[in-house]
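Worksheet for the structure shown next.
There are 2 protein chains.
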Amino acid sequence: MRTHYCGLVDEALIDQTITLCGWVDGRRDHGGVVFLDLRDHEGIVQVVVDPDTEAAFATAVEVGYEFCLRVQGKVRARVSVNDKMKTGRVEVLASEVEVLNAARDLPFALHENPNEDMRLTYRYLDLRRPEMQRMMRTRIRLVQALRRRLDAAGFQDIETPILTKATPEGARDYLVPSRVHEGEFYALPQSPQLFKQILMMAGFDRYYQIARCFRDEDLRADRQPEFTQLDMEFAFVEEADVQNYVETMIRDVFAEVVDAKLEAPFPRMTWHEAMRRFGSDKPDLRIALELVDIAEAVKHVEFKVFAGPANDPNGRVAALCVPGGAELSRKQIDELAAHAAKHGAKGLAWMKVDNAQGGLEGVSSPVAKFLDDKALAGILEATRAADGDLLLFGAGAWGAVSDFMGALRLKVGKDRGLVENSWKPLWVTDFPMFEHDAEAGRFVALHHPFTAPKVDDEAALKADPHNAVSRGYDMVLNGAEIGGGSIRIHRPDMQNAVFELLGIGPEEAEAKFGFLLKALKLGAPPHGGIAFGIDRIAALMAGTESIRDVIAFPKTTSAQDLMTDAPSPVSAAQLDELHVRVAPSASDD
Amino acid sequence: MRTHYCGLVDEALIDQTITLCGWVDGRRDHGGVVFLDLRDHEGIVQVVVDPDTEAAFATAVEVGYEFCLRVQGKVRARVSVNDKMKTGRVEVLASEVEVLNAARDLPFALHENPNEDMRLTYRYLDLRRPEMQRMMRTRIRLVQALRRRLDAAGFQDIETPILTKATPEGARDYLVPSRVHEGEFYALPQSPQLFKQILMMAGFDRYYQIARCFRDEDLRADRQPEFTQLDMEFAFVEEADVQNYVETMIRDVFAEVVDAKLEAPFPRMTWHEAMRRFGSDKPDLRIALELVDIAEAVKHVEFKVFAGPANDPNGRVAALCVPGGAELSRKQIDELAAHAAKHGAKGLAWMKVDNAQGGLEGVSSPVAKFLDDKALAGILEATRAADGDLLLFGAGAWGAVSDFMGALRLKVGKDRGLVENSWKPLWVTDFPMFEHDAEAGRFVALHHPFTAPKVDDEAALKADPHNAVSRGYDMVLNGAEIGGGSIRIHRPDMQNAVFELLGIGPEEAEAKFGFLLKALKLGAPPHGGIAFGIDRIAALMAGTESIRDVIAFPKTTSAQDLMTDAPSPVSAAQLDELHVRVAPSASDD
Chain R
1 MRTHYCGLVD EALIDQTITL CGWVDGRRDH GGVVFLDLRD HEGIVQVVVD PDTEAAFATA
61 VEVGYEFCLR VQGKVRARVS VNDKMKTGRV EVLASEVEVL NAARDLPFAL HENPNEDMRL
121 TYRYLDLRRP EMQRMMRTRI RLVQALRRRL DAAGFQDIET PILTKATPEG ARDYLVPSRV
181 HEGEFYALPQ SPQLFKQILM MAGFDRYYQI ARCFRDEDLR ADRQPEFTQL DMEFAFVEEA
241 DVQNYVETMI RDVFAEVVDA KLEAPFPRMT WHEAMRRFGS DKPDLRIALE LVDIAEAVKH
301 VEFKVFAGPA NDPNGRVAAL CVPGGAELSR KQIDELAAHA AKHGAKGLAW MKVDNAQGGL
361 EGVSSPVAKF LDDKALAGIL EATRAADGDL LLFGAGAWGA VSDFMGALRL KVGKDRGLVE
421 NSWKPLWVTD FPMFEHDAEA GRFVALHHPF TAPKVDDEAA LKADPHNAVS RGYDMVLNGA
481 EIGGGSIRIH RPDMQNAVFE LLGIGPEEAE AKFGFLLKAL KLGAPPHGGI AFGIDRIAAL
541 MAGTESIRDV IAFPKTTSAQ DLMTDAPSPV SAAQLDELHV RVAPSASDD
Chain V
1001 MRTHYCGLVD EALIDQTITL CGWVDGRRDH GGVVFLDLRD HEGIVQVVVD PDTEAAFATA
1061 VEVGYEFCLR VQGKVRARVS VNDKMKTGRV EVLASEVEVL NAARDLPFAL HENPNEDMRL
1121 TYRYLDLRRP EMQRMMRTRI RLVQALRRRL DAAGFQDIET PILTKATPEG ARDYLVPSRV
1181 HEGEFYALPQ SPQLFKQILM MAGFDRYYQI ARCFRDEDLR ADRQPEFTQL DMEFAFVEEA
1241 DVQNYVETMI RDVFAEVVDA KLEAPFPRMT WHEAMRRFGS DKPDLRIALE LVDIAEAVKH
1301 VEFKVFAGPA NDPNGRVAAL CVPGGAELSR KQIDELAAHA AKHGAKGLAW MKVDNAQGGL
1361 EGVSSPVAKF LDDKALAGIL EATRAADGDL LLFGAGAWGA VSDFMGALRL KVGKDRGLVE
1421 NSWKPLWVTD FPMFEHDAEA GRFVALHHPF TAPKVDDEAA LKADPHNAVS RGYDMVLNGA
1481 EIGGGSIRIH RPDMQNAVFE LLGIGPEEAE AKFGFLLKAL KLGAPPHGGI AFGIDRIAAL
1541 MAGTESIRDV IAFPKTTSAQ DLMTDAPSPV SAAQLDELHV RVAPSASDD
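Top to bottom, those sequences are chains R and V.
Counting along the first sequence from 1, when you hit position 334 you're at 334 in the working numbering, and nothing is skipped either side.
Counting along the second sequence from 1, when you hit position 284 you're at 1284 in the working numbering, and nothing is skipped either side.
Here it is, written out as structure tokens:
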């Protein structure tokens, strides 16, 4: 149907007759001649249609943007060379122009910037845009590079089921009614976690899968109901084995796919240090700002808002120094306060440093009146604030303060152009094993219930679950958690102890995880692994904020596919076969 | 945790101290010494535990089959070399033996042949068996080999959604209730068919995906509710482009993965020829037997069972000659008749040829009395039956006769050891566009509704849909359809015409396929593709009858996962959130 690709026509083909297929990317009528830019996946070439070739010309005058054409013609040197185009030294003088498919009433022009609903509704047009082709191809090359390495290293690429059993990993399951087994359901996997552990128990030694996962959560801008992870598991390993392998893999793949240099080795930080310095378990190290604890400086003041948390072992008083921030208007500071409030702050104290040497007279702050010279001196020393800086203060419970101050840090960094243009990876380790859910009065797993604790014996774990540290680890890049993993529990007694601490009784454990508990008694090897978010890594590599740009057919934030119009109603007969019926939720009543 | 793999210990390591991890594959106590066979994914090595190393010995005497161990020891030459083992020239004299995980009360011995329910329930034990490891690794190498070729050839590996819209491809959809959109459902894809067509319209030119697909059908031995296909699509192609590329790919991959030589080029056969000669659209060419039409010979006889179909343009009278089959007992012939009945035969006439020269006296047959010399001579000439052969006859509607005679051909071939030990690929082409469903009074698509017909204009198609031939093609290997594809419709008028013939009205077409019809009007290129059944190809390569042997976690024929016990009941609260309720089917009332 064609002899060459549009984007690859070059001077070596001059005087040859070739056949191209592609889309009309542009059209100019000039001096009685029609110039068409013909585009395929390799690029664009100029086609000239002269009135002398009557039939071709008659066709060419009728075509518009995005018509799909087949063109035969002779390659010739271009008089006015266009050095911006790969094919800019040649053009094709058409002898035949065939319309393979017309494109009338385009809903939007590809060269403009259509809104995202239009892009998703007409995804086939959106994806034709060279920018989208580039981003999708970045993702494809990422996956290829990962597979090539893993295949060569002896990892076994094994598919695990999509129709599986519900797991209680916090987020909600998508359910699938069974036709054969009335009243029973499959669940779509939130991850292949248990299957990959079972594969280690099955003797596969090293496993990977580019795995589709599903979470029925309320979507945020960077979440999708279905997403893709590189899922990996290793038998007979400890943390360092997994971390060293995948760190090298990620570094190599970034170098290969986008020519990015990630430092070696990655910096490492405990979860506690990350929260303390950056107010985040996925700190964006491209921003040089850090949180500073000032409890020591304000312990003695009358001001309860500061002194209370400063004297509470579970409290925190932290400051963030915004260099040059004294120039911010009251309105800008109010915006920062609103941002902090969105992330859990009850208020936001601030202080402009006009003259650091001037004592309380040298600062402007609504809270200055509650402080004394000693406190101020302590604050200025701890934060190293200089004249012209702005200090933001958070005081309250340790976790809450860390969270909203971390959010402020990110906002300030972005607003003030303090985000370095670089790649900043790190490992975050030593996560707490559990979070205590005060409302439910029980512990929940910070990673998942199969993560091993650092302590080897279950009595020690049970003795102090509040302070238990897990063998989990996250890989963070530029403020995004791109990978998360752990060494897993491989002994039934420890697994039972963790279930018990999580409030999963023996009966529930047996019903949900009986097969795992049984497998742990039949020669389960020590094992551990990690999973990487392919969509997020691809977005980082492609330089886009939105993972929707690296997913061919993404869903909206209300989980709809605008192109095919899914989800949609189905017939009563279909539901009847599946033994279910639509019923308004009790909560709607 | 370990320094070497069990299966790779060799003479180069003699006198070195190494650490191994693995499972106890066997144990012998001999002369006061414990011999352990330690197994990992690479193979088995003999470990010797001497009473002199007290702690190690004390541990070793306690271990049994499938205990997971860590062993440290020195490699030494083996006195009694075992040439059957890769590691048979060496052994490891243990200095330390650590039980990483015990395995008491094994549900079955791995060296025995457990029944399939046990194997699926304890899949982690079943998969440890070297035979299962071999078969799974064959599948893994198959997928790797395919990907390597396709990546190098510029095919774009693009993921398409799993949560998608219901399609009417005949088989039943798995449905997923939406939490966000009350009363609406996603469907799991039966194939990525429309998405891959859309990708061609999106300018990706060549696409592939190792894609999970779902069909909620009543399962047969070789079906799974979820299965994997290599899905491919090409833009700007005709049949030969697709077929030539994938034929070479399949031939190369069989050579690479299992050292199998597939002839070049593959034989080609129209659908009609395949049905006529082999009674199947996926003929097993390893069996040399062919069906023979004998209508001409029996047109004139009184016997209505033969003469009726012989004189009916839609009828068929076919014979199958079973070489040496005259030796079959009446009971054996009854079994053949039962098999034919199972495949739609209303009866099975037969004839033993005792003396082909002897006229009606020379044959034994319940139908001989209805025939005359001319008919018999015609039958013997057409079938070339020789003395000692058995003839089986089918008469009736063309399709039905072809089907059950084809089934008989397979059974006779297998029962009588006539299946050649070889690889017999072929292309089957020129499928009918439609089958007429007499009951429903309408046409159904033989491939799917997006398959292009051979005729280019919709008027011609509508004029004679009964005889319309499609641009579909199947790749068949040893009686299995391993791949199926077609050139697709790329013009909206033709697509509408096909929908109309299939009884899909404009409203239904718009509701279900509106996006496709729209895309076909916006510069859709000509395109075509194919999909290969990975599970089936892997099973063929691994030499197993059952695709369950090449799927890590398969489901039973009643669609259950015996290991995790899916599907299973879920809580009322979960269903409430999804706006559905379990309701007995109307058909159960």
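C-beta atoms are modelled at their ideal positions from N, C-alpha and C, and glycine is treated no differently.
Just so you know, these numbers come straight off a predicted model, no measurement behind them.
Pick helix, strand or coil for residue i, following the three-state DSSP scheme.
i: I1489 of chain V; result: coil
i: L392 of chain R; result: strand
i: Q144 of chain R; result: helix
i: P506 of chain R; result: helix
i: D259 of chain R; result: coil
i: G3 of chain R; result: Looking at the sequence provided, one finds Thr at residue 3 of chain R rather than Gly. Coil, per DSSP.
i: I379 of chain R; result: helix
i: E1169 of chain V; result: Note that E1169 of chain V scores a pLDDT of 45, beneath 50, so its modelled location is shaky and nothing firm can be said.
i: I537 of chain R; result: helix
i: D1456 of chain V; result: coil
i: V1009 of chain V; result: coil
i: H436 of chain R; result: strand
i: D1561 of chain V; result: strand
i: R1220 of chain V; result: coil
i: T1121 of chain V; result: helix
Please confirm whether residue i has its beta-carbon closer than 7 Å to some beta-carbon of chain R.
i: R1141 of chain V; result: no
i: W1398 of chain V; result: no
i: F1236 of chain V; result: yes
i: Y1124 of chain V; result: yes
Is any beta-carbon of chain V found at less than 7 Å from that of residue i?
i: I158 of chain R; result: yes
i: Q144 of chain R; result: yes
i: S95 of chain R; result: no
i: R212 of chain R; result: yes
i: E169 of chain R; result: Bear in mind that a pLDDT of 45 at E169 of chain R, under 50, signals an unreliable position, so the model cannot answer this.
i: K454 of chain R; result: no
Since I believe residue j is in contact with residue i (beta carbons under 8 Å), could you give me their beta-carbon distance rounded to a whole number of angstroms?
i: P526 of chain R; j: M1135 of chain V; result: About 26 Å separates the two Cβ atoms, so there is no contact after all.
i: E435 of chain R; j: V444 of chain R; result: 5 Å
i: F1214 of chain V; j: Q1190 of chain V; result: 6 Å
i: V626 of chain R; j: R27 of chain R; result: Beyond the ends of chain R as shown, which are 1 and 589, falls residue 626 of chain R; an answer cannot be given.
i: A1407 of chain V; j: H1343 of chain V; result: 4 Å
i: P366 of chain R; j: A377 of chain R; result: Contact doesn't hold; Cβ gap of about 19 Å is too wide.
i: H1300 of chain V; j: D1430 of chain V; result: Not a contact, Cβ separation roughly 32 Å.
Measuring straight from C-alpha to C-alpha, what distance separates residue i and residue j?
i: Q133 of chain R; j: L127 of chain R; result: 6 Å
i: G1170 of chain V; j: R1488 of chain V; result: Note that G1170 of chain V has pLDDT 41, beneath the 50 cutoff, so the model's placement of it is unreliable and the number below is only indicative. So the two alpha carbons sit approximately 18 Å from each other.
i: D576 of chain R; j: A1583 of chain V; result: 8 Å
i: L1426 of chain V; j: L1125 of chain V; result: 39 Å
i: L1446 of chain V; j: D15 of chain R; result: 47 Å
i: D1222 of chain V; j: L36 of chain R; result: 53 Å
Give me whichever residues DSSP pairs with residue i in a beta bridge.
i: M1201 of chain V; result: Answer is none; M1201 of chain V lacks a bridge partner.
i: T1270 of chain V; result: V:T1429
i: R70 of chain R; result: R:C21, R:E98
i: Y1186 of chain V; result: V:V1176
i: K1352 of chain V; result: V:S1364, V:L1390
i: V33 of chain R; result: R:H30
i: I530 of chain R; result: R:M232, R:G485
i: K1292 of chain V; result: The question names Lys, but residue 1292 of chain V is Val in the sequence shown. Looking at the DSSP assignment, V1292 of chain V forms a beta bridge with V:A1319.
i: I44 of chain R; result: R:R39
i: R76 of chain R; result: R:E91
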